Amino acid sequence: MLQRTRGIALKVTKYSENSVVAQIYTEYLGLQSYLIPGARKPKAKIHANLLQPLHLLDMVVYVKENGSLQRIKEAQASPSLKTIPLDIQKSAVSMFLNEVLFKVLKHQAADPHLYHFIHQSILWLDETTGSISNFHLCFLMKLSRFLGYTPTTTAEVKPYFDLVEGIFTAYAPAHTYVLQEPHTSIFHGILTANYDESQALIINHSDRIYLLQQIINFYKLHTENFGKINSLLILEEIFH
Numbered sequence: 000m001l002q003r004t005r006g007i008a009l010k011v012t013k014y015s016e017n018s019v020v021a022q023i024y025t026e027y028l029g030l031q032s033y034l035i036p037g038a039r040k041p042k043a044k045i046h047a048n049l050l051q052p053l054h055l056l057d058m059v060v061y062v063k064e065n066g067s068l069q070r071i072k073e074a075q076a077s078p079s080l081k082t083i084p085l086d087i088q089k090s091a092v093s094m095f096l097n098e099v100l101f102k103v104l105k106h107q108a109a110d111p112h113l114y115h116f117i118h119q120s121i122l123w124l125d126e127t128t129g130s131i132s133n134f135h136l137c138f139l140m141k142l143s144r145f146l147g148y149t150p151t152t153t154a155e156v157k158p159y160f161d162l163v164e165g166i167f168t169a170y171a172p173a174h175t176y177v178l179q180e181p182h183t184s185i186f187h188g189i190l191t192a193n194y195d196e197s198q199a200l201i202i203n204h205s206d207r208i209y210l211l212q213q214i215i216n217f218y219k220l221h222t223e224n225f226g227k228i229n230s231l232l233i234l235e236e237i238f239h
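Take the sequence shown: its letter number 27 is residue 26 in numbering that gives the first Met the number 0, and every next letter is one higher.
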């Protein structure tokens, strides 16, 4: 059966001398593995360059029930990314987000609302001309809403944030997975800001690194087999 769907490229693995397997998060089918014969050939119908991390695709795919490897009939960029592949900061952010997304989307069923959020976030990153220093922090916390463990926010910022329970609290929990001031207030600002507003958040380099590490811990606490993020050091260096 043929089906048209949008997709977001996440990971490409070499399959043979000229072929690849592409992990693509699709709008209606969830995360799928597609065998693409000849993708590494210069005149490939679906070239490996089309499958770079976070590239947006329009596809016609074959849907085979209970098949681990699927096939793509047609694929094209929609739209083509203009700045992410060329801007060193945006490329570093996309590499990081791609790594996180691949880890968490393995556990998710098809969700068009989640797909739309990721798609629109990539477009914002590609189109913005402002600061993106805080974009990845905001993205991760917005993403957590779709994964079922978004923090509970209140108008009043309490002095502690419990990463295990996902709540702001007036008292320090009995474990070490906790944020406290001044990071609690900064974190609250990240939670409540949209992408445009995130450009105005004043966060120094050491606080940004610390908060990112704690947000990663938050994901590790709530995602099975989350593991290590290899692109974290690159991201920290880029935004020094």
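Where is the CB? At the ideal position from N, CA and C, for every residue including glycine. Everything numeric in this text was worked out from a predicted model, so none of it was measured.
Cut-off 7 Å between Cβ atoms - residues of its own chain near residue i, not counting five sequence neighbours on either side
i	result
F101	L9, K10 and Q22
K89	T82, I83, L124 and I131
H46	A38
DSSP bridge partner residues for residue i (one or two, in chain order)
i	result
G29	T25
R5	D57
I35	V19
K219	The partner list for K219 (beta bridge, DSSP) is empty, contrary to what the question assumes.
V103	BP columns for V103 are empty, so no partner.
K10	Q22
T151	I166
Rounded straight-line distance, which links the Cα of residue j to that of residue i
i	j	result
I51	L30	Looking at the sequence itself, residue 51 is Gln, so the reference to Ile does not match. Spanning the two alpha carbons is a distance of roughly 16 Å.
L231	I208	9 Å
T234	L1	This sequence places Leu at residue 234; Thr is not what is there. About 39 Å.
D110	F145	9 Å
E126	K40	31 Å
H174	L211	19 Å
E180	P158	6 Å
P78	Q107	25 Å
T151	P36	46 Å
F138	N229	18 Å
K42	S130	38 Å
A74	L49	8 Å
E236	I87	11 Å
L113	L28	12 Å
I71	L34	8 Å
F238	F95	13 Å
Whether residue i touches residue j by CB criterion (9 Å)
i	j	result
T4	V60	yes
S18	A38	yes
N97	Q198	no
Y176	F225	no
L55	L122	yes
I117	L85	no
D206	H187	no
F160	L136	no
L200	M140	no
Neighbourhood of residue i by C-beta, 6 Å cutoff - its chain only, sequence neighbours within 5 removed
i	result
H221	Y148
Y14	V20
T25	T4, G6 and Q31
Other residues of its chain near residue i: CB distance less than 8 Å, five sequence neighbours each side excluded
i	result
T153	F167
V156	F167, T183, S184 and H187
V163	P172, H174, Y176 and L220
E16	R39
Within the region 157-210, ranges of the alpha helix (DSSP H) (whole runs, at least 4 residues):
182-191 and 194-197
Taking only runs that begin and end inside the region 45-99, name each unbroken beta strand (DSSP E) of 3 or more residues, in chain order.
55-61 and 69-76
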